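A.B. asks: For the sequence shown, position 30 matches number 712 in our numbering, and the numbering has no gaps at all. We put the beta carbon where it would ideally sit given N, CA and C, even for glycine. Here the structure is a predicted model, which is why all the values come from computation and not from measurement. Pasting a structure here, questions to come.
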Amino acid sequence: AHALIADPDDRPVGEVTSGTVSPTLGHPVMLARIQRGALDNATRAPLAAIVRNRRLAVTPSPLPFVPKRYRR
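What follows is the structure, encoded as C-alpha cells:
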C-alpha cells in the first residue's frame with residue numbers, strides 16, 4: 683500500500699491506501715485517494731500506480747467492486 687498514483691507525465695496525483703487480489707474478480711483491486719480533477723483527465727490519458735519502480739495501469743471504477751447478491 684501507499685504506492686503513488688501518477689498521471690502520464692509521472693506527476694503524483696494520488697496515493698494507494700490499500701490493495702489486495704480479489705478472488706471473485708480474479709485480479710488485483712485497490713483503494714486510492716486521488717486529487718480532484720485527476721479522474722477527469724484520466725479519460726483522456728490513463729493513470730498508473732508506481733509499484734516497486736514499475737508503472738502499472740489502473741482503471742478507476744465505482745464502489746462496490748462486486749455487487750451484492752444477498753437479501754436482508
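Classify Val703 as buried or exposed, calling it buried when 16 or more other Cβ atoms lie within 10 Å of its own Cβ.
C.D. replies: Taking the sequence shown and counting its residues from 1, the one referred to as residue 703 is at position 21. By the 10 Å Cβ count, Val703 comes out exposed.
A.B. asks: Val748 to Val711, Cα distance in whole Å?
C.D. replies: Position 66 of the sequence shown, counting from 1, holds the residue named residue 748. Position 29 of the sequence shown, counting from 1, holds the residue named residue 711. Cα to Cα, Val748 sits roughly 11 Å from Val711.
A.B. asks: Measuring alpha carbon to alpha carbon, tell me which of Pro694, Arg754, Leu707, Thr706 ends up nearest Ala714.
C.D. replies: In the sequence shown, counting from the first residue as 1, residue 714 sits at position 32. Of Pro694, Arg754, Leu707, Thr706, the residue nearest in Cα terms is Pro694.
A.B. asks: In the region 683-717, which residue ranges form an unbroken beta strand (DSSP E) of at least 3 residues, counting only runs that do not cross its ends?
C.D. replies: Whole beta strand (DSSP E) segments, 3+ residues: 686-688, 694-704, 709-716.
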